[in-house]
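Only one structure is covered here, and it is reproduced in the block below.
Numbering (UniProt numbering), first residue to last: 1 to 125.
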């Protein structure tokens, strides 16, 4: 004797086994003391996809609940991750001002090395 637990995606395999052995496998109710928890969403999606794929293989005309998304992006186009729209260079995109100074100074040297030279009296020129 054997006990088998099967989800809906595996049920089709059990039906095939029954056809191969020319017998029906008896189904028993789950005892009341057995705790049944909800299947996590991702796992139930996997079961549904598997079942959908099996139905597609069995019947080529079956449309299915899951299908590939239509490719609407043209080759060579870039999608802006922030908006999800086609990226247009130069439109609404400003160059970063980080690191640039509005008034860099007369000598242009605000780097720490230049400051050290000025303190020592060497001046930088």
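Glycine included, every Cβ here is placed at the ideal spot set by N, Cα and C.
Proximity below 8 Å, CB of residue i to CB of residue j
{"i": "residue 50", "j": "residue 9", "result": "yes"}
{"i": "residue 65", "j": "residue 52", "result": "yes"}
Option in the options with minimal Cα separation from residue i
{"i": "residue 56", "options": "112, 83, 12", "result": "12"}
{"i": "residue 16", "options": "29, 54, 88", "result": "54"}
Cα-Cα separation, residue i to residue j
{"i": "residue 3", "j": "residue 24", "result": "14 Å"}
{"i": "residue 83", "j": "residue 76", "result": "18 Å"}
{"i": "residue 41", "j": "residue 7", "result": "14 Å"}
{"i": "residue 27", "j": "residue 43", "result": "24 Å"}
{"i": "residue 119", "j": "residue 87", "result": "49 Å"}
{"i": "residue 45", "j": "residue 37", "result": "16 Å"}
{"i": "residue 61", "j": "residue 48", "result": "18 Å"}
{"i": "residue 32", "j": "residue 5", "result": "16 Å"}
{"i": "residue 22", "j": "residue 34", "result": "31 Å"}
{"i": "residue 20", "j": "residue 59", "result": "20 Å"}
{"i": "residue 126", "j": "residue 78", "result": "Residue numbering for the chain in the displayed model covers 1 to 125; residue 126 lies beyond these limits and cannot be assessed."}
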